[in-house]
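Number of protein chains: 2
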Amino acid sequence: MEPATSEKSTGADRTSERGEQTKRLIVDTAVRLFRDQGYDKTTMRGIAQAAGLSVGNAYYYFPSKDHLVQEFYATVQVDAAAACTDRLARPGPFDERLRVAFGAMVETMAPYHAFAGKFIKTAVEPGSPLSPFSAESAPARERAIGILSAVVEGSTTKIDPELRADLPELLWLCQMGITLYWVHDTSPGQEKTALLVDRAVPLIDRLVSLARMPGLRSLNREALKLYRMLR
Amino acid sequence: MEPATSEKSTGADRTSERGEQTKRLIVDTAVRLFRDQGYDKTTMRGIAQAAGLSVGNAYYYFPSKDHLVQEFYATVQVDAAAACTDRLARPGPFDERLRVAFGAMVETMAPYHAFAGKFIKTAVEPGSPLSPFSAESAPARERAIGILSAVVEGSTTKIDPELRADLPELLWLCQMGITLYWVHDTSPGQEKTALLVDRAVPLIDRLVSLARMPGLRSLNREALKLYRMLR
DNA sequence: GGGCACAGTTGAACGCGTTCAGATCAACGT
DNA sequence: ACGTTGATCTGAACGCGTTCAACTGTGCCC
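Going line by line, the protein sequences match chains A and B. So the first sequence is numbered by the working numbering: it starts at 1 and just counts up by one. So the second sequence is numbered by the working numbering: it starts at 1 and just counts up by one.
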């Protein structure tokens, strides 16, 4: 007999059905609780109970509570990417496109501001899997940089060719900086961060334009060389 | 009878002798253990035992383990300040002085690199007392900015007067950035951070000089205005 | 001396993230 | 049917930071 719900283990299918299901159940429950009651108040026991499992079971799929947050972060990243790919489809001026990308990120993250404070705590820890520079968050990082690559690619503004290659990564660093500010931004609705994006975008735009000017070429080149060495 | 060790409670002296003694004992023990065996392996029970006290007693003086680290951080800051005030006594070129300040900081922190990873974890948390922007760390912050003020004050390089007022704080932000890089720097002896300081100082020097140029004045002014709004 | 107020001190207890030795389940060969 | 194997799941237990009701010491007033 072959019940419709169970799947035969066809050689090609590596992921067992049950495991994947449990894993998703844990993530979904965790994300929901994180969202509803914050990071600290969401305990591993709470997640397990709400999902109808044991604590240890969650640890079979995720090495730590932080890794659950990682999953959460990835979700947000996907949303942010989705929110702006449409609006970056047609080429346009650099500053406009950059504003779309930064704006989408800030807007997507907005509901999680309270939560992000706890999140960043582990994100900046050097060895942490949640570090934006870690191997584990490579997918999320590359997606984010991919968006900024799209910003640069479809830009009608003239960009110094030497700068162009590294610009997406540099913009991503700017984005990290904005995020860092945003996390600490206690103004109502994080309006100061909105202000920061609003004003920083033209500044970056001007800096990018200026990098082509003869007087600043060497400075630009030197800064880029340093950046490459330190990466 | 009046034992020589005990002090009469003269009205002016608010701090009781015994309390201050215990407090210092706790800090000293904690700092020693942090240094010897790292942050994670140093437990509150361990500190209490090594100091010959109970766990609860430490909590009578310090609200959390993090606050003990705060004390540790303050110590390092004082050392860093002491390490460069001499060398900043006589005026000199801006870049030279900046190098002294940044160099002193990196060198002073060097022994605590492994420890700093755990430290920064709580330092970036928005509400944390260890946050470099928090009220609790105001003394340490002001000392650090004070050094950078001295760098600017005694500088023989011409500096845009509008920039001059905010420059110490901006340099302090640079310093925070360098620290952030340093914490994540896994190169042997943190040589990459040394490289960063070595190369970033001339870049900053050039940027400061360029801020006076006619073509960049408006950009400079706009950036400063933004900075003041966001502070 | 005796009560009083209060700084200082204690250690058991709490809830947390995490671990681990073992129980349970599903699929397969015989 | 019946092990066997490996993935999946369990919950008690560990060590941690932190809390708290109770205890001790000390100086002071009557």
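Ideal Cβ placement from N, Cα and C applies to all residues, glycine included. As the structure is a computational prediction, the values presented were derived from the model and not from experiment.
How many Å lie between residue i and residue j at the Cα?
i: residue 3 of chain B; j: residue 67 of chain B; result: Per-residue confidence for residue 3 of chain B stands at a pLDDT of 37, beneath the threshold of 50, marking its modelled position as unreliable; the derived number appears in the next sentence. Rounded to the nearest angstrom, the two C-alpha atoms are 34 Å apart.
i: residue 207 of chain B; j: residue 150 of chain A; result: 29 Å
i: residue 165 of chain A; j: residue 193 of chain A; result: 27 Å
i: residue 228 of chain A; j: residue 195 of chain B; result: 12 Å
i: residue 221 of chain A; j: residue 109 of chain A; result: 34 Å
i: residue 28 of chain A; j: residue 43 of chain A; result: 14 Å
i: residue 244 of chain A; j: residue 78 of chain A; result: Residue 244 of chain A is absent from the model: chain A starts at 1 and stops at 231.
i: residue 170 of chain B; j: residue 181 of chain A; result: 15 Å
i: residue 80 of chain A; j: residue 121 of chain A; result: 21 Å
i: residue 186 of chain A; j: residue 137 of chain B; result: 18 Å
i: residue 32 of chain A; j: residue 123 of chain B; result: 27 Å
i: residue 130 of chain B; j: residue 91 of chain A; result: 45 Å
i: residue 214 of chain B; j: residue 159 of chain B; result: 14 Å
i: residue 12 of chain A; j: residue 128 of chain A; result: For residue 12 of chain A, the pLDDT reaches just 36, beneath the cut-off of 50, and the residue's location in the model is therefore unreliable, although a value from the coordinates is still provided. Looking at the two C-alpha atoms, the distance is approximately 33 Å.
i: residue 148 of chain A; j: residue 64 of chain B; result: 41 Å
i: residue 125 of chain B; j: residue 133 of chain B; result: 10 Å
i: residue 71 of chain B; j: residue 62 of chain B; result: 10 Å
i: residue 142 of chain B; j: residue 34 of chain B; result: 25 Å
i: residue 48 of chain A; j: residue 20 of chain A; result: 16 Å
i: residue 24 of chain B; j: residue 46 of chain B; result: 16 Å
i: residue 30 of chain B; j: residue 161 of chain A; result: 53 Å
Rounded to whole angstroms, how far is the Cβ of residue i from the Cβ of residue j, which I believe are closer than 8 Å?
i: residue 210 of chain B; j: residue 203 of chain B; result: That belief does not hold up - the Cβ atoms of residue 210 of chain B and residue 203 of chain B are roughly 10 Å apart, past 8 Å.
i: residue 117 of chain A; j: residue 183 of chain A; result: 6 Å
i: residue 84 of chain B; j: residue 58 of chain B; result: Contact flag wrong, Cβ pair sits at about 33 Å.
i: residue 140 of chain B; j: residue 73 of chain B; result: 6 Å
i: residue 39 of chain A; j: residue 119 of chain A; result: 7 Å
i: residue 97 of chain B; j: residue 154 of chain B; result: 6 Å
i: residue 152 of chain B; j: residue 178 of chain B; result: Not really, about 17 Å apart at Cβ, beyond 8 Å.
From this set, the options, which residue's C-alpha is nearest residue i's C-alpha?
i: residue 36 of chain B; options: B/50, B/54 and B/23; result: B/50
i: residue 156 of chain B; options: B/72, B/95, B/225 and B/63; result: B/95
i: residue 231 of chain A; options: A/173, A/34 and A/125; result: A/173
i: residue 225 of chain B; options: A/218, A/223 and A/199; result: A/199
i: residue 107 of chain B; options: B/26, B/175 and B/19; result: B/175
i: residue 56 of chain B; options: B/162, B/70, B/89 and B/22; result: B/22
i: residue 54 of chain A; options: A/111, A/34 and A/26; result: A/26
i: residue 82 of chain B; options: B/62, B/20 and B/100; result: B/100
i: residue 219 of chain A; options: B/189, B/201 and B/46; result: B/201
i: residue 113 of chain B; options: B/135, B/24, B/188 and B/30; result: B/188
From the DSSP secondary-structure annotation, give me the bridge partner or partners of residue i.
i: residue 92 of chain A; result: A/155
**Message:** Which residues of the stretch 59–79 of chain A have a Cβ closer than 7 Å to any Cβ of chain B? Give them in chain order.
**Reply:** none
**Message:** Short of 8 Å Cβ to Cβ, which residues in the stretch 112–123 of chain A face chain B?
**Reply:** 117, 118, 120, 121 and 122
**Item:** Under 8 Å (Cβ pairs) to chain B, residues found in the stretch 163–190 of chain A
**Value:** 180, 181, 183, 184 and 186
**Request:** Pull out every residue of the stretch 123–150 of chain B whose Cβ sits closer than 9 Å to any Cβ of chain A, in chain order.
**Result:** 123, 124, 125, 126, 127, 128, 131 and 133
**Message:** Can you pull out the residues from the stretch 214–231 of chain B whose beta carbon lies closer than 7 Å to at least one beta carbon of chain A?
**Reply:** 219, 222, 223, 226, 229 and 230
**Item:** Selection of the stretch 197–208 of chain B by Cβ proximity to chain A, strictly under 9 Å
**Value:** 199, 200, 202, 203, 206 and 207
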